[in-house]
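Following: one structure in structure tokens, then a few remarks.
Protein chains in written order, with this note's numbering: chain V, 1 to 210; chain W, 211 to 418.
Quick look at the structure:
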């Protein structure tokens with residue numbers, strides 16, 4: 001009997017100890033499915049201070065939820081995020097599509113491993129933190145949520161544009177991968193979400209954060 | 211028979227002479243003839259003399275994070291011209307023109323722009339000192355009447371027990387993140403430099 005109890009307990013607790021213990025990067029997506037959401041002339045909160053939020057102006061031909069990105073060659077798309085150097089590189093096959101600085105988790109940990117993009121939103125609202133680092137940010141632009149078997153989509157980790165700081169090359173987020181908005185737009189238009197049974201673009205996050 | 215032959219020869223000689231005379235007359239009165247007889251002049255080759263190759267200004271630029279504005283710095287010898295432009299309009303606005311000391315440079319850091327593109331800062335670097343200069347992107351003057359703020363100068367005045375290692379970027383629309391080390395070289399700390407009131411706020415978090 002005791003052997004059975006041990007086996008059951010081991011089976012239940014093993015995932016808890018082996019998987020990455022990551023928090024919730026976006027309290028909104030941790031409670032409900034994220035959605036395309038914009039607000040005009042909004043005031044957000046960052047570091048517990050009010051911040052004017054840029055409006056999202058959609059171009060006439062801009063789709064609010066493009067699934068497939070623009071292909072520039074025939075190779076498989078792959079995004080690499082190096083936490084040690086705070087850089088991102090996107091490849092299509094052997095061909096480098098873009099390379100830039102990012103900001104990963106400072107107040108919350110950015111998970112490591114291989115992920116795929118499970119949804120893309122032209123803009124959405126993000127909220128989280130507490131006390132002095134509380135944030136509530138409408139109109140977060142060019143959001144690419146990613147997940148894998150260990151880090152659920154509902155945890156809210158994503159690559160996205162950033163209008164509230166400009167300190168790339170240094171950790172500065174609550175766990176997401178922050179990018180310059182112009183870089184995020186370029187990546188968003190290129191990267192694929194899941195489509196017709198195929199997973200979205202792979203994202204590999206690695207390296208020891210300084 | 212002989213007479214007829216002589217007459218034909220005479221006619222042909224006269225005809226040939228007339229043709230030659232006509233050709234010469236036409237050539238003399240034509241200025242654009244393919245068959246002109248003008249002399250061919252030797253090309254004039256000036257003797258080269260050594261000169262310094264003219265060099266243009268060294269231009270560096272950085273777009274604002276949301277892509278609406280561009281900051282441009284043009285360096286010609288020790289003179290640095292700083293411009294901003296709104297992309298949709300294209301016209302460059304002169305923000306500053308600075309004469310730097312020999313060996314001193316003015317650089318655009320990667321995170322130069324404030325997130326809302328209202329301000330930017332430049333890195334002034336020499337062999338032994340580094341300063342960071344903050345400007346209004348529209349060229350307005352600060353409350354001290356100057357077009358720029360020297361973070362290094364203000365930091366030395368207000369936080370004398372630390373020295374700046376690096377200004378990394380913007381923590382929000384008005385706060386520049388400054389990493390510093392104590393003058394004894396033991397402790398590192400991050401500060402916010404508040405552009406609006408020119409104060410420094412020591413932070414609990416160190417921004418690596």
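Glycine included, each C-beta is placed from N, C-alpha and C at the ideal position.
Interface criterion met: the Cβ of residue 381 of chain W is under 8 angstroms from a Cβ in chain V. Residues of chain W with a Cβ closer than 9 angstroms to the Cβ of residue 106 of chain V are, in chain order, 415, 417 and 418.
Residue-level contact check: residue 387 of chain W touches chain V, since one or more beta carbons of chain V fall below 8 angstroms from its beta carbon. Contact annotation: the stretch 310-324 of chain W does not touch the stretch 359-372 of chain W, with fewer than three C-beta pairs closer than 8 angstroms. If you check the CB distance, residue 175 of chain V and residue 118 of chain V do not come in under 8 angstroms. Looking from the CA of residue 100 of chain V, the closest CA among V:200, V:207 and V:182 belongs to V:182.
Going by DSSP, residue 188 of chain V is part of the alpha helix (DSSP H) stretching over 181-190. Residue state for residue 365 of chain W is assigned as helix, using DSSP reduced to three classes. In the three-state reduction of the DSSP assignment, residue 153 of chain V falls in the helix class, which pools H, G and I. A distance below 8 angstroms separates the beta carbons of residue 34 of chain V and residue 124 of chain V. Contact between residue 171 of chain V and residue 104 of chain V is confirmed by a C-beta separation of about 5 angstroms, below the 8 angstroms threshold. In this structure, residue 156 of chain V lies away from residue 142 of chain V, with their beta-carbon atoms at least 8 angstroms apart. Residue 168 of chain V places its beta carbon 8 angstroms or farther from that of residue 79 of chain V. Collapsing the DSSP output to three states places residue 284 of chain W in a strand. Bridge pairing for residue 347 of chain W: absent [DSSP]. In this structure, residue 178 of chain V keeps its C-beta atom at 8 angstroms or more from the C-beta atom of residue 323 of chain W.
Burial check for residue 192 of chain V: the Cβ neighbour count within 10 Å reaches 16 or more, so the residue is buried. Secondary structure note for residue 317 of chain W: its beta strand (DSSP E) is the uninterrupted segment 315-317.
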